[in-house]
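Please read the structure below before turning to the comments.
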Amino acid sequence: MGPEADTGRATARARPRPAPALRRAATELRHGTGPSARAGRRAVRVTVASVAAFYAGLYGLHEPVTATYGLFAAVAMAGLSRIPGTGRQRAAVVIRVLPAGWILVTAGTLLAVRTWAAVAGMLVIGFLLAFAAAAGPRLAGAAPGLQLLYILPCFPPYAPQTLGERLGGTTLGILLLVLAESLLLPDPPTTSYRALSANAAMTAARCATELTHPPWTLSAQARSAAQSAGEALRPFHVPESERPAGPGPRERALAHTGMAARVLLARLQEVPRPGPGGPHRHTLELLLEVASSARRTAAALRTGRPAGPGRLLDALAVYRRLRTVPAQGVAPETTSTVMRRQAMLMEAAYAAVTLASAADLALGRRPGAAEIKDGSFWYAGHSTVRLWAHRLVGHLSPRSVYFQNAVRISLALAAARTVAGADSLPHGFWAMLAALTLIRTTAAQTGAIVRQALIGTLLGALAAAALLVFVKGNTTAYAVALPVIMLATFWIGPTRGVGWAQGMFTLVVSTVFAQLAPATWHLAEFRFLDVLTGSVIGLVIGLLAWPRGAQEELRRDIAALLGAIASTVTSTTSFLTQGHAQGQRGGPSLQHVLMLAESSFAQYQSEPRRAGTPVADWQATLMAGHHALRGSRRLLEPGDPAASRWLGPADRAGLAGDGAELAGQYELVGTLLAGTRPPPAPSGRPVPRRAEGARPHAAPAPPIYYDAEAWLQGLAIDLDRITEATAEAVAGLPPQDKG
Numbered sequence: 006m007g008p009e010a011d012t013g014r015a016t017a018r019a020r021p022r023p024a025p026a027l028r029r030a031a032t033e034l035r036h037g038t039g040p041s042a043r044a045g046r047r048a049v050r051v052t053v054a055s056v057a058a059f060y061a062g063l064y065g066l067h068e069p070v071t072a073t074y075g076l077f078a079a080v081a082m083a084g085l086s087r088i089p090g091t092g093r094q095r096a097a098v099v100i101r102v103l104p105a106g107w108i109l110v111t112a113g114t115l116l117a118v119r120t121w122a123a124v125a126g127m128l129v130i131g132f133l134l135a136f137a138a139a140a141g142p143r144l145a146g147a148a149p150g151l152q153l154l155y156i157l158p159c160f161p162p163y164a165p166q167t168l169g170e171r172l173g174g175t176t177l178g179i180l181l182l183v184l185a186e187s188l189l190l191p192d193p194p195t196t197s198y199r200a201l202s203a204n205a206a207m208t209a210a211r212c213a214t215e216l217t218h219p220p221w222t223l224s225a226q227a228r229s230a231a232q233s234a235g236e237a238l239r240p241f242h243v244p245e246s247e248r249p250a251g252p253g254p255r256e257r258a259l260a261h262t263g264m265a266a267r268v269l270l271a272r273l274q275e276v277p278r279p280g281p282g283g284p285h286r287h288t289l290e291l292l293l294e295v296a297s298s299a300r301r302t303a304a305a306l307r308t309g310r311p312a313g314p315g316r317l318l319d320a321l322a323v324y325r326r327l328r329t330v331p332a333q334g335v336a337p338e339t340t341s342t343v344m345r346r347q348a349m350l351m352e353a354a355y356a357a358v359t360l361a362s363a364a365d366l367a368l369g370r371r372p373g374a375a376e377i378k379d380g381s382f383w384y385a386g387h388s389t390v391r392l393w394a395h396r397l398v399g400h401l402s403p404r405s406v407y408f409q410n411a412v413r414i415s416l417a418l419a420a421a422r423t424v425a426g427a428d429s430l431p432h433g434f435w436a437m438l439a440a441l442t443l444i445r446t447t448a449a450q451t452g453a454i455v456r457q458a459l460i461g462t463l464l465g466a467l468a469a470a471a472l473l474v475f476v477k478g479n480t481t482a483y484a485v486a487l488p489v490i491m492l493a494t495f496w497i498g499p500t501r502g503v504g505w506a507q508g509m510f511t512l513v514v515s516t517v518f519a520q521l522a523p524a525t526w527h528l529a530e531f532r533f534l535d536v537l538t539g540s541v542i543g544l545v546i547g548l549l550a551w552p553r554g555a556q557e558e559l560r561r562d563i564a565a566l567l568g569a570i571a572s573t574v575t576s577t578t579s580f581l582t583q584g585h586a587q588g589q590r591g592g593p594s595l596q597h598v599l600m601l602a603e604s605s606f607a608q609y610q611s612e613p614r615r616a617g618t619p620v621a622d623w624q625a626t627l628m629a630g631h632h633a634l635r636g637s638r639r640l641l642e643p644g645d646p647a648a649s650r651w652l653g654p655a656d657r658a659g660l661a662g663d664g665a666e667l668a669g670q671y672e673l674v675g676t677l678l679a680g681t682r683p684p685p686a687p688s689g690r691p692v693p694r695r696a697e698g699a700r701p702h703a704a705p706a707p708p709i710y711y712d713a714e715a716w717l718q719g720l721a722i723d724l725d726r727i728t729e730a731t732a733e734a735v736a737g738l739p740p741q742d743k744g
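For the working numbering, count along the sequence shown from 1 and bump the result up by 5.
As structure tokens, this is what we get:
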């Protein structure tokens, strides 16, 4: 070892090492799952893609138009859009919408010939792109970016001769963004909805197996595991990128799988303990088949291969034939206990059958006769295009929040384009961009956002003016500063709020346009005036078009849903007791009302709460709707018009009375929710009068009587949760969000 080696060691010791804070920041950026880490990864991708496209077009090809469209295409689809998912998932969405981007750039270029043509195009295109949010979260996330691809070319000058450069820049920016999303800073893996459903199915299998051993009930540990597995499938616990919210048959089937798994777990927890003699042999066999089916479903979901038909459906049919009523002379309380246990086991078994079928459909198996016959799988066998059309047509109504949002956004953008064209605002597309990014679903929320945005834009404009005065025409300085400013903008803005985002984006556009043409401090002035114009337009439209957002719409949708549940209860009990339905509004009606209520609830969760507003348990109401729909279909499954002959006169009268009482309670709550008065406090006995107590005669009733009473019992418990939550809010307690 000579002196050279000693010198090398000394140099190594003297070499500066990254500060611990920088190392922690880099580790958090690569592996973190918090908002700052996610925003940082996205900021790196959009900065690399947009700056590379801009510099390649401006300094490489010497084509300012190509450079401008390359930068704004990447910013539109990564900075303005909020496409859920990992980088590769977003890249797949962006590359699929590239042809739509070409169409929008072409339409904007050609319609810029006249202001009225550009405004008309903005009305139509703005509505269609915003309304496409009804098709799923990924298209909804891409819609704002696609709006910008029309907004940018629809302004003067009318230059169709530059269409090739515009399309080339758009393509360059999007392709570079696809590469950045796919290769740079991959997001940490998340647990898929399919894996969560598999875990829930396996938990259900363990619970069903435990019910076949003494003491014939679930332990506290098993109940806790079942509750945790069910809660993990709630939408707000699932990463947005993994939620099966699309309209296609596989997405619908996967969502159906998760719901069936939650129902199965809940039903297994509700199975009552048998009497001293223990469960019947057929009961144990049915539980074992439920466990076996759930295990097969879990394995199929994990491997991706459909499990195929199992033996559970056959075992369920055998159990339906063999289950009996205790003989004459047995105490009515014992009869009720035994038959209620059998009814709950039947519900659990049906949930397991639904789980197995939905999982296979989600994995690509073609629907069989059983799924086509079952109204719950109405989507099975339909093409994705037809299901898309079904969802969009279903929301083509002023009662739909997707329709309301589309009208609100298209009117705001058209108004901004009209003002920009009439007054010849410099860089008028900034006014449209402000209207697009600042308008919210409620007028109050829009007002709060606009205040923050204007303050941030004013401060950003002052900083940009100082920068333009200090740097003047030194394009090299702007070129060096642009990546740093853009990275800070898209990292800090999403985490610190709209004020920071608008202020820093003002610096971004100032450094961009200063490289395209000589600029003075007036550029920052124009930016603030345009944002002010767009903000005022957004405020006015927000006040005129459904200013309360989803909060009032959700109340009306929930009221309609409660009425539809009441009608379903009436029609189902009427069919069971009289052989024909009375007052039936139909399964599709309940299903359609439920769809509208779910979309309103989804938007309601993103809106701020108004202090002092009574809040009902909306989540319980939605679950009651699903409970009513599934239970009605199951009870009417045999389709025998002579079903009423299975029941004696006393049973028919009792079941009809229970159904009428429960339907009346649902109608009352729905009627009061639709008005200004809150629902009344629960009476303390919300369940049907014969669902828990003894029957008034000793003669045993057929099994369908207890199946129907168990269904009514569950709906009554749902209603009790709804009215109790509302009563607490009315009593002056702090409103609680039960969603």
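Here a beta-carbon is modelled for each residue, glycine too, at the ideal position from N, C-alpha and C.
For Pro499, the enclosing alpha helix (DSSP H) covers residues Thr480 to Arg501. Annotation for His387: Pro254 and His395 place their beta carbon closer than 8 Å to its own, counting only its chain and skipping 5 residues before and after. Here DSSP, grouped into helix, strand and coil, assigns Thr91 to coil.
For His395, the three-state secondary structure derived from DSSP is helix. In this structure, DSSP gives Arg422 a helical state, which the three-state scheme calls helix.
Apart from the 5 residues on each side of it in sequence, Gly502 sits with its Cβ closer than 7 Å to the Cβ of Gln457 in its chain, given in chain order.
Counting other Cβ atoms within 10 Å of its Cβ, Pro499 reaches 16 or more and is therefore classed as buried.
The beta-carbon distance between Glu247 and Thr195, rounded to whole angstroms, is 6 Å. This is short enough to meet the 8 Å contact definition. Annotation for Asn204: Ala234, Ala237 and Ala303 place their beta carbon closer than 8 Å to its own, counting only its chain and skipping 5 residues before and after. At a Cβ-Cβ threshold of 8 Å, Ala348 and Tyr671 do not count as neighbours. Within the model, the alpha-carbon separation for Gly62 versus Glu68 is close to 5 Å.
Collapsing the DSSP output to three states places Ser55 in a helix. Asp723 places its beta carbon less than 8 Å from that of Ala625. Put simply, the region 313-322 does not touch the region 222-234. Fewer than three CB pairs are less than 8 Å apart.
Rounded to the nearest whole angstrom, the C-alpha separation of Met82 and Arg413 is 22 Å. For the options Arg199, Gly719, Gly568 and Thr578, the alpha carbon positioned closest to that of Val674 is the one of Gly568.
Shortest Cα-Cα distance from Gly280 to any of Trp221, Pro488 and Thr73 involves Trp221.
Check the Cα spacing between Ala468 and each of Glu530, Phe518 and Thr481: the tightest is with Glu530. With respect to the 8 Å criterion, Ser540 and Val455 are classified as neighbours on the basis of their beta carbons. Judged by beta-carbon spacing, Val489 lies beyond the 8 Å limit of Tyr483, meaning their Cβ atoms are not closer than that value.
By the criterion of a C-beta distance shorter than 7 Å, Glu290 is surrounded in its chain by Ala320, once the five residues flanking it on both sides are discounted. With a cut-off of 8 Å on Cβ pairs, the region 267-281 is in contact with the region 206-223, counting three or more such pairs.
In the assembly as shown, Ala427 is an exposed residue. Its beta-carbon has fewer than 16 other beta-carbons within 10 Å.
The straight-line gap separating the alpha-carbon atoms of Asp365 and Ala305 is approximately 8 Å. Burial of Pro284 is indicated by the presence of at least 16 other C-beta atoms within 10 angstroms of its C-beta.
Counted as a single uninterrupted DSSP element, the alpha helix (DSSP H) harbouring Met264 occupies residues Pro254 to Glu275.
If you look at His527, you'll find it in the alpha helix (DSSP H) that goes His527 to Leu549. Burial check for Tyr198: the Cβ neighbour count within 10 Å reaches 16 or more, so the residue is buried.
For Glu68, the secondary structure class from DSSP, reduced to helix, strand or coil, is coil. Note that the C-beta distance between Phe495 and Val51 is below 8 Å. Three or more Cβ pairs drawn from the region 154-171 and the region 72-86 lie within less than 8 Å of each other, which places the two stretches in contact.
Annotation for Trp121: the continuous alpha helix (DSSP H) segment containing it runs Thr120 to Phe136. By the neighbour-count criterion, in which 16 or more other beta carbons inside 10 Å mark a residue as buried, His632 falls on the buried side.
Apart from sequence neighbours up to five positions away, the residues of its chain that approach Tyr74 with a beta-carbon distance below 6 Å are Arg171, Gly174 and Thr175, ordered along the chain. Relative to Glu666, the option among Thr111, Ser572, Tyr384 and Val485 whose CA is nearest is Ser572. Rounded to the nearest whole angstrom, the CA to CA distance from Leu548 to Ala449 is 9 Å.
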